[in-house]
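Chains as they are written, first to last, in our numbering: chain A, 433 to 666; chain B, 7 to 595; chain C, 39 to 332. Report on the following structure.
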Amino acid sequence: MSVILVFLLVIAGFAGWWLSHQRLMTKPWLEQGAAGDFVAFDRSGLPTAKIGLGVFLAVVGCLFALFTSAYFMRMALSDWQPLPMPRLLWLNTGMLVLSSIALQCASVAARKRQMDTVRLGLAAAGLTAIAFLVGQLMAWRDLTADGYFLASNPANSFFYLITGMHGLHIVGGLVGLSRTTAGAWNGARPERLRLSVELCAMYWHFLLFIWLAIFALLAGWAATFIDICRQLLT
Amino acid sequence: MVDITPADAVPPAEVAEMELYHPHSWWTKYVFSQDAKVIAIQYSATATAIGLVALVLSWLMRLQLGFPGTFDFITPEAYYQFITMHGMIMVIYLLTALFLGGFGNYLIPLMVGARDMVFPYVNMLSYWIYLLAVLVLVSSFFAPGGPTGAGWTLYPPQAIMTGTPGGQEWGIILMLVSLILFIIGFTMGGLNYVVTVLQGRTRGMTLMRLPLTVWGIFTATVMALLAFPALFVACVMMLLDRALGTSFFMPAVVEMGEQLQHNGGSPILFQHLFWFFGHPEVYIVALPAFGIVSDLISTHARKNIFGYRMMVWAIVGIGALSFVVWAHHMYVSGMHPYFGFFFATTTLIIAIPTAIKVYNWVLTLWRGDIHLTIPMLFAMAFIVTFVNGGLTGLFLGNVVVDVPLSDTMFVVAHFHMVMGVAPILVIFGAIYHWYPKVTGRMLNETLGRFHFWVTFVGAYLIFFPMHYIGLMGVPRRYAEMTDVTVMTESAHHLNSFISIMAFIVGFAQIVFLFNLIWSIRHGREAGGNPWRATTLEWQTPQTPPAHGNFGKELPIVYRWAYDYSVPGAKEDFIPQNMPGTFGPSREPA
Amino acid sequence: MPIVVVLVLIVLGSVLFHFLSPWWWTPIASNWDYIDNTIIITFWITGVVFAAVVLFMAYCVFRFRHREGSRAAYEPENKRLEWWLTIVTGVGVTAMLVPGLFVWSQFVNVPSDATVVEVVGQQWQWSFRLPGKDGKLGTSDTRDVTAENPLGVIAKDPNGQDDVVVEAADLHLPVGKPVKMLLRSIDVLHDFYVPEFRAKMDMIPGSVTYFWFTPTKTGTFQVLCAELCGQGHPMMHGIVMVDTQEDYVAWLDQQQTFAQLSAPQQTGSAEQAPGNATVSALKVAAKLETVGSR
Chain A
433 MSVILVFLLV
443 IAGFAGWWLS
453 HQRLMTKPWL
463 EQGAAGDFVA
473 FDRSGLPTAK
483 IGLGVFLAVV
493 GCLFALFTSA
503 YFMRMALSDW
513 QPLPMPRLLW
523 LNTGMLVLSS
533 IALQCASVAA
543 RKRQMDTVRL
553 GLAAAGLTAI
563 AFLVGQLMAW
573 RDLTADGYFL
583 ASNPANSFFY
593 LITGMHGLHI
603 VGGLVGLSRT
613 TAGAWNGARP
623 ERLRLSVELC
633 AMYWHFLLFI
643 WLAIFALLAG
653 WAATFIDICR
663 QLLT
Chain B
7 MVDITPADAV
17 PPAEVAEMEL
27 YHPHSWWTKY
37 VFSQDAKVIA
47 IQYSATATAI
57 GLVALVLSWL
67 MRLQLGFPGT
77 FDFITPEAYY
87 QFITMHGMIM
97 VIYLLTALFL
107 GGFGNYLIPL
117 MVGARDMVFP
127 YVNMLSYWIY
137 LLAVLVLVSS
147 FFAPGGPTGA
157 GWTLYPPQAI
167 MTGTPGGQEW
177 GIILMLVSLI
187 LFIIGFTMGG
197 LNYVVTVLQG
207 RTRGMTLMRL
217 PLTVWGIFTA
227 TVMALLAFPA
237 LFVACVMMLL
247 DRALGTSFFM
257 PAVVEMGEQL
267 QHNGGSPILF
277 QHLFWFFGHP
287 EVYIVALPAF
297 GIVSDLISTH
307 ARKNIFGYRM
317 MVWAIVGIGA
327 LSFVVWAHHM
337 YVSGMHPYFG
347 FFFATTTLII
357 AIPTAIKVYN
367 WVLTLWRGDI
377 HLTIPMLFAM
387 AFIVTFVNGG
397 LTGLFLGNVV
407 VDVPLSDTMF
417 VVAHFHMVMG
427 VAPILVIFGA
437 IYHWYPKVTG
447 RMLNETLGRF
457 HFWVTFVGAY
467 LIFFPMHYIG
477 LMGVPRRYAE
487 MTDVTVMTES
497 AHHLNSFISI
507 MAFIVGFAQI
517 VFLFNLIWSI
527 RHGREAGGNP
537 WRATTLEWQT
547 PQTPPAHGNF
557 GKELPIVYRW
567 AYDYSVPGAK
577 EDFIPQNMPG
587 TFGPSREPA
Chain C
39 MPIVVVLVLI
49 VLGSVLFHFL
59 SPWWWTPIAS
69 NWDYIDNTII
79 ITFWITGVVF
89 AAVVLFMAYC
99 VFRFRHREGS
109 RAAYEPENKR
119 LEWWLTIVTG
129 VGVTAMLVPG
139 LFVWSQFVNV
149 PSDATVVEVV
159 GQQWQWSFRL
169 PGKDGKLGTS
179 DTRDVTAENP
189 LGVIAKDPNG
199 QDDVVVEAAD
209 LHLPVGKPVK
219 MLLRSIDVLH
229 DFYVPEFRAK
239 MDMIPGSVTY
249 FWFTPTKTGT
259 FQVLCAELCG
269 QGHPMMHGIV
279 MVDTQEDYVA
289 WLDQQQTFAQ
299 LSAPQQTGSA
309 EQAPGNATVS
319 ALKVAAKLET
329 VGSR
């Protein structure tokens, strides 16, 4: 369970940092009057939707941290046989990186109100994300064809489970992305469009980060890395 | 230190009205409503309905335990199905949903001075997914093989094997699917509760001016958002083990003389995931109760809550600590014995902030002006049962004391007292307290007092003696205790007594339900602020609050939530939105 | 005012119930009276706190209940008082935790002279295995479980041949000798629990757990399963008899070893075909019936 505990420690760090700016040590019964008289208004200047997405991403991060924890605990048991990583995953990774870059471009363009670039970026991001999903499915098919079935070894089970869970999150993101894209073509209000493009970009970058982490995990580098760290410590 | 900005320098964006969704038809107003108050009532009604099912299940269990062998239709199989569904419904579908979905939805926007939740559409979806989860759960009663009888902890391998009711049929699958749906639905609601507290607060509502109810619900929601994923992961993996033959949790096992295909999995892994959710879950239920009871005591004792700052820190501290105590549910699970030292220490440390909260509640009563209203009575009953249950927690948290007591009726008595009876008493108190705001009428006083006395005294008489049955060594989850030699004849009589008390207490709840329905029409008119309370929900222009909560202008908050009996003020309460300076040695505005 | 009376009655009633009721733990029959002592300490500390808090509350209601014209005092906090209460609580918690941890360290560290007894749980019966003359238990594996080899002892392991196998019958233990119970299950979680011994531990399929104790009284004790293990859970009883050394040796001599049990059936086991994984509910019912009739 150490992975999830480290993750929660990071969350707790954020929460503690935020709380430390909330003047929790003050004596509220001594402070009367309108807020401004005593307190700089403490609501964040960020759009509410972004904060909402941020909280949601913390939950998603928690989910994958727990999968990782379970992965390491199950891995320690004797029947674990690592499975080979399909080469295709590298290509898929590339697709997802492209997708993130495209959304980042769209987001920059939305700030400058260059509608054509925004549309191009959104379309490119959507297509590459779909390409990623198709690639993942092909990787699954290749593995199954080679006899690495879901139930034949826990390493396989975790591979399908975690990649599947990540894929589902991409699918969910595509729903949001398609709404944004539709808005970009149908002439949504620029501020609104800008916000939703930024939200998509934020979500995409986070899922890219998750993907890189679980790719490292599934390929075994994460375990090797931890072993090295452990040896350095002892 | 934070810079002090003058009031007129607050940028206009901060006080901008949020875009409010307006219903256009009867359907969108009362059924697919996006108004948090309607959603709150939907959540509460659904939770109460499914809670009644769980109440009936507990009666059936008590029939069997109190009068073994008398009721033939309660087979061991049926008993385990009752016990499982009772536990799961009460913990997840009733308590969690009612505190966060019900009270959270109703009170957060009103108490922080917002027009609604920040994402009303997602909030609506949250309820409908919750309802779907409940329906899936209920459907398992009608599935072939009936609901699962794996115990609410759903421990594998047992949960998905033939020897357990529903293990190789539909019961366990429907249970897992229902839990997964619940978690998805809850996450949608939880985002709303958290972000509304972060971003929806009205001008002047700093964190330290929030009522403790909001602090409790807010912290509990943050915890739930981080803890429920653990249950989600456990459910998904168990579903795969059950449906597709993977071996996440399933080791090689022999089932009724035949080898199963599973290999090498770890049942302990499930327990870690389950309790990583399960322990915070205790506080997900307890923290809202802590918060609400603080407000009830303060309002009805006409005195500010004693040590507000300590109360806030304790809530946050308990929330954080509760993530590092989960394995105290696993002292005798066969995990590495050295974990016992760590988890016993963390568990007993968490008793300190909890004790501080108790002291501050009773110290609030000291030199107060105690009105013995029904909410106040329930609040005091909560303190009795919570202190009792919390103290027996010190037995079970102390690893070596847990060894003889774990998995006995002592545990059952402990957790019913601390997270069954105590939070439910708070829920009752809270309903008597806020019902006038929700409906505009008071609940009937006579029926209310009857309900209080029967529930409080009855529940105490049920669960206090039960500890001693556990102390004798009688294990929990025994459909029949007749063969247990340590269970003496007199203890069987005690069991019958407990059962009879359970029926009486259950009956009182039906009186309460009648009161809830009857008083909507016939209750005494309450007026806007019958308890003369300070917090914002009592200052709305209409009662019940209209769509948008606060009329044309959002209130501005000038003070904390506990200005009761301030020296120099004429009334014994000063609403949060009343300007002006009162009291001794205050820094001027 | 009734609430004041009831609060006082609750404290009085709970204390009287504690001291006067006939329901208390069974007389101990093992060395774990340390555990009982820790429970007693905990009872005293928590009892005092419970009585103090509830009586204080009753007094507050009595003294400060609403009267015409009364007004509450104004006291937002009292740092000193809160600190004192925190420190006193901390001391109380430490007084319970420290003895607890000491006893726990005894509980997890098995004395070196403890003899080994293996308990195997299965739905819904107890079996036992004792090391033979060589003093070593042979290795085992759930995959080797068959009708003839119900404990899954690995036949190739020479250490296992002289192991004494007690299938679904009573276990005997010599009085006054520490035993290390090795706990194993072949199907679901179980928990080997004898209330008189105070100790218990879950049994997990796929791994071996343990606890240790020294029986201090001769007699017959009931074994209960303390971890939900399916429909037959409340019927999963067994018997442990704690004997004098002579009685124990006499009992041990009557038992059969693994080699004796498996010798005539060597050919039989090979014929058994691996069964279908889906077992009908009928089979469970039949199993329950046999367990119930015992």
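Just so it is clear, CB atoms sit at the ideal spot from N, CA and C, and this is done for glycine as well. Owing to the predicted nature of the structure, the values given are computational and were not obtained by experimental measurement.
Which ranges would you report for the alpha helix (DSSP H) in the region 49–97 of chain C if only whole runs of at least 4 residues count?
none
Compare the Cα-Cα distances from residue 323(B) to each of 435(A), 439(A), 456(A) and report the closest residue.
456(A)
Is the region 379–394 of chain B touching the region 333–344 of chain B in the sense that three or more CB pairs, one from each, lie closer than 8 Å?
Contact fails: fewer than three Cβ-Cβ distances are below 8 Å.
Which residues, in order along the region 297–310 of chain B, keep a beta-carbon less than 8 Å from a beta-carbon of chain C?
307, 308, 309, 310
By Cβ distance below 7 Å, which residues in the same chain neighbour residue 238(B) in space, the five residues on each side in sequence not counted?
Counting only Cβ-Cβ distances below 7 Å, and skipping sequence neighbours, we find 186, 189.
Test: residue 205(B) CB closer than 8 Å to a CB of chain A
Yes, its Cβ sits closer than 8 Å to a Cβ of chain A.
Does the region 108–115 of chain C touch the region 269–284 of chain C, meaning 3 or more C-beta pairs lie closer than 8 Å?
Using a Cβ-Cβ distance cut-off of 8 Å, the region 269–284 of chain C and the region 108–115 of chain C are not in contact, since fewer than three pairs of beta carbons, one from each stretch, lie closer than that value.
Those runs of the alpha helix (DSSP H) which lie wholly inside the region 434–468 of chain A and span at least 4 residues:
434–452
Coil, strand or helix - residue 470(A) by DSSP:
Only weak support is given to the placement of residue 470(A): the predicted model assigns it a pLDDT of 47, under 50, and the value that follows is read from those uncertain coordinates. Residue 470(A) falls in the helix class under three-state DSSP.
Is there a C-beta anywhere in chain A that falls below 8 Å from the one on residue 243(C)?
no
Length at least 4, wholly inside the region 401–487 of chain B: the alpha helix (DSSP H) runs in chain order
405–411, 415–421, 428–445, 451–477
Note the first and the last residue of the continuous beta strand (DSSP E) segment covering residue 258(C).
257–263
Could you please give the first and the last residue of the uninterrupted beta strand (DSSP E) stretch that includes residue 165(C)?
Where residue 165(C) is concerned, the enclosing beta strand (DSSP E) stretches over 163–168.
Looking at residue 60(C) and residue 496(B), is the spacing between their C-beta atoms short of 8 Å?
yes
Would you say residue 400(B) lies against chain C (beta-carbon separation less than 8 Å)?
Yes, contact with chain C.
Please compile the residues from chain C whose C-beta is within a distance smaller than 8 Å of the C-beta of residue 484(B).
Within chain C, the residues near residue 484(B) are 271, 272.
Helix, strand or coil: how does DSSP classify residue 285(B) here?
helix
Quick one: using the 10 Å Cβ neighbour count with 16 as the cut-off for buried, is residue 537(A) buried or exposed?
buried
Between the alpha carbons of residue 304(C) and residue 182(C), how many angstroms are there, rounded?
Low per-residue confidence applies at residue 304(C): pLDDT is 48, beneath 50, and the placement is therefore not dependable, though the value from the model is reported in the following sentence. Annotation: residue 304(C) to residue 182(C) spans about 13 Å, alpha carbon to alpha carbon.
Against chain C: residues of the region 508–534 of chain A by CB proximity under 8 Å:
Among the residues of the region 508–534 of chain A, none has a Cβ less than 8 Å away from any Cβ of chain C.
Partners in chain B for residue 642(A), counting only beta-carbon separations shorter than 9 Å
Here the premise fails: no neighbours, minimum Cβ distance about 13 Å.
Note down, in chain order, every chain C residue with its Cβ under 7 Å from the Cβ of residue 377(B).
104
Could you tell me which chain A residues have their CB closer than 7 Å to the CB of residue 251(B), listed as they occur along the chain?
Near residue 251(B) (Cβ distances below 7 Å), the residues of chain A are 583.
For residue 366(B) versus residue 415(B), is the C-beta distance shorter than 8 Å?
Going by C-beta atoms, residue 366(B) is not nearer than 8 Å to residue 415(B).
Can the beta-carbon of residue 273(B) be found closer than 8 Å to that of residue 328(B)?
no
Run through chain B and tell me which residues come within less than 9 Å of residue 612(A), C-beta to C-beta.
Within 9 Å Cβ-Cβ: nothing; residue 612(A) doesn't reach chain B, min ~16 Å.
Using 8 Å as the limit for Cβ to Cβ distance, is residue 112(C) near chain B?
yes
Contact defined as beta carbons within less than 8 Å: I believe residue 149(C) pairs with residue 216(C). What is the distance between those atoms, to the nearest angstrom?
5 Å
Thinking residue 594(A) and residue 497(A) are a contact (beta carbons under 8 Å), I'd like their distance in whole angstroms, please.
Residue 594(A) to residue 497(A), Cβ: 12 Å. No contact.
Identify which residue in 557(A), 665(A), 480(A), 634(A) has its Cα closest to the Cα of residue 610(A).
557(A)
Check for me: the beta strand (DSSP E) holding residue 231(C) runs from which residue to which?
228–231
Counted within 10 angstroms of its Cβ, other Cβ atoms place residue 441(A) as buried (16 or more) or exposed
exposed
Under the three-state DSSP convention, the category residue 477(A) falls into:
coil
Below 8 Å, can you find three or more Cβ-Cβ pairs linking the region 635–648 of chain A to the region 525–537 of chain A?
yes
With 16 other CB atoms within 10 Å as the buried threshold, where does residue 201(C) fall?
buried
Does the separation of the CB atoms of residue 270(C) and residue 155(B) fall below 8 Å?
Contact flag unset, no.
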